[in-house]
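Have a look at the structure below, then the notes.
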Amino acid sequence: MKAPLPKKYLVWAIAVVLGVTLIRSSLFHVENNYAFLLSIYSYQIVDSKTGMFIAGFVPYLQLTIGLILLLFPRLWLAAFQFATILFLGYTTLQIITYFRGLDISCGCFSPTAASPIGLASIGLAAACALAGLVGCILSNSSISSFSDSNKALE
1 MKAPLPKKYL VWAIAVVLGV TLIRSSLFHV ENNYAFLLSI YSYQIVDSKT GMFIAGFVPY
61 LQLTIGLILL LFPRLWLAAF QFATILFLGY TTLQIITYFR GLDISCGCFS PTAASPIGLA
121 SIGLAAACAL AGLVGCILSN SSISSFSDSN KALE
């Protein structure tokens, strides 16, 4: 029986997957800010000023968190915490929208992608939130061992 992979490989994998996911989403939102704003409005939860604030702020928050997860292991704990909060927010919004019966796209990666809010999109957001939580636990429990082994990388 093989020994399980060390925690550091698992936390690296989680950081890469969440980092790439956040960066991909943020780039779509930055490049298509009007489409992202329309997507925010389609949820019918916020007013126009709040929607404009979200459309202007969230993509850059996603980009920052994604870059930290890919490039700065010493900051992983904070990045995983912010990613977990973001994905829990996305999960909550999609659940609310799903039960309200709105037939809209989640707006995560493309305005033209057929990605309606449903169990698959809710599951993806929830899985990312769970991955972020696991990243928090793993990076917090072994932060001293990571900082020693990652000095050469920085």
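48 is the number that full-length UniProt numbering gives to position 48 of the sequence shown; each next residue is one higher, with no gaps.
Idealized CB from N, CA, C, for every residue including glycine.
| Check | Outcome |
| --- | --- |
| Between the beta-carbon of Ala67 and the beta-carbon of Ala55, is there less than 7 Å? | A small correction: the amino acid at residue 67 is Leu; Ala does not occupy that position in the sequence shown. The answer is no: Cβ separation not under 7 Å. |
| Along the chain, which unbroken stretches of the alpha helix (DSSP H) at least 4 residues long are found entirely within the stretch 74-132? | 76-100 |
| What does a CB cutoff of less than 8 Å around Glu154 pick up in its chain, not counting 5 residues either side in sequence? | Confidence is the limiting factor: at Glu154 the pLDDT is only 47, short of 50, which leaves the residue's position unreliable and the question unanswerable from this model. |
| Give the range of the alpha helix (DSSP H) segment to which Val17 is assigned. | Lys7 to Glu31 |
| Does Gly132 pass the burial test, meaning 16 or more other C-beta atoms within 10 Å, or should it be called exposed? | buried |
| Going straight from the alpha carbon of Ser141 to that of Gln62, what length do you get? | 25 Å |
| Which residues in the same chain as Ile122 place their Cβ atom closer than 8 Å to its Cβ, once the five residues preceding and following it in sequence are excluded? | Thr91, Gln94, Ile95 and Tyr98 |
| Mapping DSSP to helix, strand and coil, what is Leu153? | Caution applies to Leu153, whose pLDDT of 46 falls short of 50 and renders its modelled position unreliable; the value that the coordinates give is listed next. DSSP places Leu153 in helix when its eight states are reduced to three. |
| Taking 7 Å as the threshold (C-beta atoms), are Phe109 and Phe28 in contact? | yes |
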